[in-house]
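Numbering (my numbering), first residue to last: 564 to 830.
The following block contains the structure:
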């Protein structure tokens with residue numbers, strides 16, 4: 564009788580925190596390349612991804628971190644220097660140590676698991692997949708209760724806050740209180756852009772920044788605003804709207820969206 568082959572086991576290492584999300588091997592590879600190359604374009608080329616993918620990953624990491632991991636200086640779409648912060652460097656160094664330990668653990672585990680059912684019973688993981696381009700980790704700093712809904716004030720940076728409206732039932736189910744950690748999701752198509760910084764509007768959220776990136780499609784244009792604290796926000800508006808606004812890279816602009824457009828999740 565032929566000998567039964569052991570199940571081939573491979574694993575990817577992620578740094579997980581109960582309230583801060585995760586950091587994957589691909590993200591750390593990008594951070595390492597940025598540290599080596601000093602620019603996003605060179606780092607992207609080194610690890611074989613597009614400049615847009617690298618830019619988006621860095622935006623996501625900075626948006627979801629208490630402190631920025633990457634600092635970018637102004638220099639145009641493909642220019643400007645890029646460096647890791649002290650926090651970013653510590654993460655890269657720590658990840659490399661953990662990666663070696665993780666590899667040894669997976670090899671040992673693979674020798675013990677011989678069937679798919681063993682593997683299925685061992686691995687139980689729930690993953691949230693969201694199409695929302697804008698995701699921010701924040702801390703609840705204020706709650707205003709209403710008859711049906713509650714207003715949540717979420718601090719996502721040293722100078723940045725978001726306002727969200729959720730039902731009182733959701734507030735209870737999520738067990739939110741001051742100091743709670745949340746993830747805020749805002750779809751890029753729910754955001755309005757204005758070149759008027761002091762525009763009076765009923766939208767509870769108005770984030771002011773500078774246009775740092777524009778990607779034009781056949782119908783819509785993706786616009787990225789640098790809103791400070793090493794965070795950014797992405798809006799998708801029609802090409803007609805871009806032309807009517809006269810919007811271009813380098814312009815100051817405001818991103819406007821309703822409190823009801825902010826979706827809150829608990830880690």
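Quick reminder that beta carbons are idealized off the backbone N, C-alpha and C, glycines included.
Straight-line gap, residue i to residue j (C-alpha atoms, nearest Å)
| i | j | result |
| --- | --- | --- |
| residue 766 | residue 599 | 43 Å |
| residue 645 | residue 775 | 15 Å |
| residue 613 | residue 607 | 6 Å |
| residue 707 | residue 817 | 25 Å |
| residue 822 | residue 695 | 16 Å |
| residue 647 | residue 594 | 7 Å |
| residue 699 | residue 773 | 19 Å |
| residue 731 | residue 659 | 44 Å |
| residue 779 | residue 735 | 42 Å |
| residue 649 | residue 588 | 19 Å |
| residue 626 | residue 830 | 15 Å |
| residue 791 | residue 722 | 8 Å |
| residue 705 | residue 738 | 14 Å |
| residue 800 | residue 601 | 32 Å |
| residue 603 | residue 803 | 31 Å |
| residue 763 | residue 657 | 47 Å |
| residue 813 | residue 784 | 15 Å |
| residue 565 | residue 753 | Only weak support exists for where residue 565 lies, its pLDDT of 47 falling under 50; the value from the coordinates is given anyway. The straight-line gap from Cα to Cα measures roughly 60 Å. |
| residue 755 | residue 777 | 15 Å |
Reduced DSSP category for residue i - H, G, I as helix; E, B as strand; rest coil
| i | result |
| --- | --- |
| residue 704 | strand |
| residue 764 | coil |
| residue 714 | strand |
| residue 657 | helix |
| residue 628 | coil |
| residue 771 | strand |
| residue 795 | strand |
| residue 620 | helix |
| residue 811 | coil |
| residue 735 | helix |
| residue 554 | Outside the modelled stretch of the chain, which goes from 564 to 830, sits residue 554, for which no answer is possible. |
| residue 786 | strand |
| residue 609 | helix |
| residue 829 | coil |
| residue 804 | helix |
| residue 594 | helix |
| residue 781 | coil |
| residue 776 | strand |
| residue 754 | coil |
| residue 747 | strand |
| residue 817 | strand |
| residue 727 | strand |
Supposed close pair residue i, residue j - CB separation, criterion 8 Å
| i | j | result |
| --- | --- | --- |
| residue 596 | residue 609 | 5 Å |
| residue 633 | residue 651 | 6 Å |
| residue 786 | residue 810 | 7 Å |
| residue 758 | residue 808 | 6 Å |
| residue 717 | residue 741 | 11 Å between Cβ atoms; not a contact. |
Nearest neighbour of residue i, chosen from the options [CA to CA]
| i | options | result |
| --- | --- | --- |
| residue 591 | 629, 654, 807, 602 | 654 |
| residue 768 | 749, 782, 740 | 749 |
| residue 712 | 737, 733, 605, 697 | 733 |
| residue 761 | 710, 771, 812 | 771 |
| residue 782 | 806, 827, 763 | 806 |
| residue 629 | 827, 784, 814, 720 | 720 |
| residue 697 | 709, 714, 751 | 751 |
| residue 827 | 635, 715, 710, 709 | 715 |
Does the structure place the segment 615-629 close enough to the segment 786-796 that three or more beta carbon pairs sit under 8 Å?
yes
Three or more beta-carbon pairs under 8 Å between the segment 714-730 and the segment 741-754, yes or no?
Enough Cβ pairs lie closer than 8 Å, so yes.
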